[in-house]
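See structure below.
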Amino acid sequence: MKLLKTYLKGMAMGAADVVPGVSGGTIAFITGILDPLLDGIRKINPTLFGIVRKQGVKAAFLHINGPFLVCVFAGILTSIFSFAKLISWLIVTHPIPVWSFFFGLILFSVIHMLKQVSQFNLQRVVLFALGVLLAWGITVLNPIAIEASYINFFFAGSIAICAMILPGISGSFILLLMGIYPAVLAAVKGFDIAYLACFAMGCILGLLSFSHVLSALLRKFHDATLMFLIGLMLGTLGKIWPWKEVVTWRENSSGKQVPLLEQNLTPFDFQAITGEAHQLGVAVACALFGIGLVWSLEFFGAKHTIGAKHTKN
Numbered sequence: 001m002k003l004l005k006t007y008l009k010g011m012a013m014g015a016a017d018v019v020p021g022v023s024g025g026t027i028a029f030i031t032g033i034l035d036p037l038l039d040g041i042r043k044i045n046p047t048l049f050g051i052v053r054k055q056g057v058k059a060a061f062l063h064i065n066g067p068f069l070v071c072v073f074a075g076i077l078t079s080i081f082s083f084a085k086l087i088s089w090l091i092v093t094h095p096i097p098v099w100s101f102f103f104g105l106i107l108f109s110v111i112h113m114l115k116q117v118s119q120f121n122l123q124r125v126v127l128f129a130l131g132v133l134l135a136w137g138i139t140v141l142n143p144i145a146i147e148a149s150y151i152n153f154f155f156a157g158s159i160a161i162c163a164m165i166l167p168g169i170s171g172s173f174i175l176l177l178m179g180i181y182p183a184v185l186a187a188v189k190g191f192d193i194a195y196l197a198c199f200a201m202g203c204i205l206g207l208l209s210f211s212h213v214l215s216a217l218l219r220k221f222h223d224a225t226l227m228f229l230i231g232l233m234l235g236t237l238g239k240i241w242p243w244k245e246v247v248t249w250r251e252n253s254s255g256k257q258v259p260l261l262e263q264n265l266t267p268f269d270f271q272a273i274t275g276e277a278h279q280l281g282v283a284v285a286c287a288l289f290g291i292g293l294v295w296s297l298e299f300f301g302a303k304h305t306i307g308a309k310h311t312k313n
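Be aware that the sequence shown starts at 1, since it is given in the working numbering, and climbs by one per residue.
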């Protein structure tokens with residue numbers, strides 16, 4: 001049952017990673033699997049060969065918390081390959097409800113993460129502000145165009161995976177800024193083995209290197225790192241604001257016109273300018289559903305922790 005829950009949390013991470021603007025790392029944090037995920041990945045290093053020689057493959061697998069990692073990454077891959085088409089379709093056909101759901105989810109996640117900070121001081125407030133500014137600055141950058149080649153897929157994977165496990169920064173959005181997101185999504189949909197293998201190798205390299213940095217920061221400077229990550233999350237909210245007007249368009253690799261630059265509008269200005277319904281009631285309901293989802297994860301997570309303490313006692 002525990003491994004099944006881990007698998008489902010991995011699926012939630014994968015579903016979030018497909019959406020530009022939403023971070024799988026955020027989902028990992030609010031579901032309580034970010035620390036064990038980073039710890040397990042961090043243990044995949046050259047010393048693992050020594051454990052294999054002395055104690056065997058099984059001991060090495062357990063050393064890195066293999067069953068946990070397998071369940072998480074199996075869940076992530078399941079979502080990416082099964083939900084890529086669905087989420088892409090939902091974003092195009094029902095953007096306001098989808099973005100409203102994620103807006104509520106991330107907004108309440110910020111509150112959830114603030115509760116994990118034991119003490120606030122000027123330094124941590126400054127780090128929080130830097131996180132907000134950095135994330136906001138990234139979201140207003142203009143996408144560039146990178147050719148879809150094997151080497152570019154490799155480097156895109158190594159960069160995007162760092163963002164995918166980092167709460168607040170969306171790996172999909174980084175791919176979008178690099179101009180390679182449509183090509184990656186097309187490779188996933190078409191199951192292009194060669195391109196996906198290059199992307200996966202880049203992900204492995206980025207994951208093994210960046211996880212050490214993030215894990216060390218969370219161990220040594222937990223609250224300061226957390227405040228910076230919370231700032232990142234808050235700074236991305238402008239990107240996923242549901243009501244937008246497209247300012248300029250670009251042609252994607254398939255020859256279709258897709259939004260390049262967008263500006264945020266109030267729901268009523270959106271309806272007046274675009275002529276489309278603002279769906280405010282639906283948006284609020286979806287945002288509340290996102291909030292409720294995080295709250296329930298927080299509630300049951302706390303309940304599980306209390307239950308585990310009582311069992312030990």
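Here a beta-carbon is modelled for each residue, glycine too, at the ideal position from N, C-alpha and C.
**Report entry** For Thr47 and Lys54, the rounded distance between their alpha carbons
**Finding:** Residue mapping note: residue 54 aligns to position 54 of the sequence shown, counting from 1. Residue mapping note: residue 47 aligns to position 47 of the sequence shown, counting from 1. The straight-line gap from Cα to Cα measures roughly 11 Å.
Query raised in the report: Can the beta-carbon of Ala224 be found closer than 8 Å to that of Leu130?
Result: Position 224 of the sequence shown, counting from 1, holds the residue named residue 224. Position 130 of the sequence shown, counting from 1, holds the residue named residue 130. The answer is no: Cβ separation not under 8 Å.
Query - Opening and closing residue of the alpha helix (DSSP H) in which Ala224 lies - result: Taking the first residue of the sequence shown as 1, we reach residue 224 at position 224. Element bounds for Ala224: His222 to Gly235.
**Report entry** Simplified DSSP assignment, three categories, for Gln279
**Finding:** Against the sequence shown, residue 279 aligns to sequence position 279. The answer is coil: DSSP assigns Gln279 none of H, G, I, E or B.
Report task. Along the alpha helix (DSSP H) that carries Phe270, what are the first and last residues, could you check? Result -> Translated into positions along the sequence shown, residue 270 becomes position 270. Its alpha helix (DSSP H) spans residues Pro267 to Thr274.
Query raised in the report: In three-state terms, what does DSSP make of Asn121?
Result: For the purposes of this step, residue 121 is identified with residue 121 of the sequence shown, where counting begins at 1. Coil, per DSSP.
Query raised in the report: Under the rule that 16 or more other beta-carbon atoms within 10 Å means buried, what is Asp269, buried or exposed?
Result: Along the sequence shown, read from residue 1 onward, the residue named residue 269 stands at position 269. Asp269 is exposed by the Cβ-count criterion.
Query raised in the report: Per DSSP, Glu245 forms a beta bridge with which residues?
Result: Residue mapping note: residue 245 aligns to position 245 of the sequence shown, counting from 1. In DSSP, Glu245 forms a bridge with Gln263.
Report task. Kindly indicate which three-state DSSP category Asn45 falls into: helix, strand or coil? Result -> The residue given as residue 45 occupies position 45 in the sequence shown. DSSP places Asn45 in coil when its eight states are reduced to three.
**Report entry** 8 Å Cβ cutoff met for Ile106 and Thr26
**Finding:** By 1-based counting over the sequence shown, the position of residue 106 is 106. By 1-based counting over the sequence shown, the position of residue 26 is 26. Taking 8 Å as the Cβ cut-off, Ile106 and Thr26 qualify as a contacting pair.
Query raised in the report: Rounded C-beta distance between Ile174 and Ala160? I'm assuming under 8 Å.
Result: Translated into positions along the sequence shown, residue 174 becomes position 174. Translated into positions along the sequence shown, residue 160 becomes position 160. The pair is a contact, with the Cβ atoms about 5 Å apart (cut-off 8 Å).
Report task. Could you check which residue in Leu38, Gly50, Val184 and Phe108 has the C-alpha nearest to that of Ala84? Result -> Indexing the sequence shown from 1 puts residue 84 at position 84. The shortest Cα separation from Ala84 among Leu38, Gly50, Val184 and Phe108 belongs to Val184.
Query raised in the report: Taking Cβ positions, are Met164 and Gly171 nearer each other than 8 Å?
Result: Numbered from 1 along the sequence shown, position 164 holds the residue referred to as residue 164. Numbered from 1 along the sequence shown, position 171 holds the residue referred to as residue 171. Going by C-beta atoms, Met164 is nearer than 8 Å to Gly171.
Requested in this report: Go through the segment 13 to 98 residue by residue and report every complete run of the alpha helix (DSSP H) that reaches 4 residues or more, in order.
Outcome: 24 to 30, 34 to 42, 47 to 55, 57 to 63 and 66 to 93
Query raised in the report: Should Gly14 and Ile76 be called a contact, given that it needs their Cβ atoms to be closer than 8 Å?
Result: Here the question's residue 14 lines up with position 14 in the sequence shown. Here the question's residue 76 lines up with position 76 in the sequence shown. Contact flag set, yes.
Query - Residue from Leu37, Thr6 and Ile41 whose Cα sits closest to the Cα of Cys71 - result: Along the sequence shown, read from residue 1 onward, the residue named residue 71 stands at position 71. Looking at the Cα atoms, Thr6 is the closest of the given residues.
Report task. Given a cut-off of 8 Å, decide if Phe81 and Val22 are closer than it, judged by their beta-carbon atoms. Result -> Position 22 of the sequence shown, counted from the first residue, corresponds to residue 22. Position 81 of the sequence shown, counted from the first residue, corresponds to residue 81. Not in contact: Val22 and Phe81 (Cβ atoms no closer than 8 Å).
Report task. Pick helix, strand or coil for Ala156, following the three-state DSSP scheme. Result -> Here the question's residue 156 lines up with position 156 in the sequence shown. Note: Ala156 maps to helix in three-state DSSP.
Query - The alpha helix (DSSP H) enclosing Leu141, as first and last residue numbers - result: Locating residue 141 in the sequence shown gives position 141, counting from the first residue. Premise fails: Leu141 is in no alpha helix (DSSP H) and is neither H nor E.
Query - Residues near Ala119 by beta carbon distance below 7 Å, same chain, minus five either side - result: Position 119 of the sequence shown, counted from the start, is the residue given in the question as residue 119. Correcting the residue identity first, residue 119 is Gln in this sequence and not Ala. If we look at Gln119 and ignore the five residues flanking it on each side, its Cβ neighbours are Asp223.
Report task. Return helix, strand or coil for Ala148, following the three-state DSSP convention. Result -> Walking along the sequence shown from the start, residue 148 turns up at place 148. Ala148 falls in the coil class under three-state DSSP.
Requested in this report: Quick one: grab the DSSP three-state call for Gly179.
Outcome: Residue numbering aside, residue 179 sits at position 179 when the sequence shown is read from its first letter. Three-state result, Gly179: coil.
Query raised in the report: Can you tell which of Cys203, Leu208 and Val188 has its C-alpha closest to the C-alpha of Asn45?
Result: As a first step, residue 45 is located in the sequence shown; it is residue number 45 there, counting from the start. Among Cys203, Leu208 and Val188, the Cα nearest to that of Asn45 is on Leu208.
Requested in this report: Report yes or no: do three or more beta-carbon pairs, one from the segment 198 to 213 and one from the segment 34 to 41, lie closer than 8 Å?
Outcome: yes
Query raised in the report: In terms of alpha-carbon separation, which member of Phe228, Phe73 and Lys239 lies closest to Gln123?
Result: Along the sequence shown, read from residue 1 onward, the residue named residue 123 stands at position 123. Ranking the options by Cα distance to Gln123, first place goes to Phe228.
Query raised in the report: Taking Cβ to Cβ, would you say Phe68 is nearer than 8 Å to Pro36?
Result: Locating residue 68 in the sequence shown gives position 68, counting from the first residue. Locating residue 36 in the sequence shown gives position 36, counting from the first residue. In this structure, the beta-carbon distance from Phe68 to Pro36 falls below 8 Å.
**Report entry** Among Lys239, Lys58 and Val284, the one whose alpha carbon lies nearest that of Leu176
**Finding:** Within the sequence shown, numbered from 1, the residue matching residue 176 stands at position 176. Shortest Cα-Cα distance from Leu176 to any of Lys239, Lys58 and Val284 involves Lys239.
Report task. Give the straight-line distance between the Cα atoms of Ile204 and Leu4, rounded to the nearest whole angstrom. Result -> The count along the sequence shown starts at 1 and reaches residue 204 at position 204. The count along the sequence shown starts at 1 and reaches residue 4 at position 4. Distance between the alpha carbons of Ile204 and Leu4: 24 Å.
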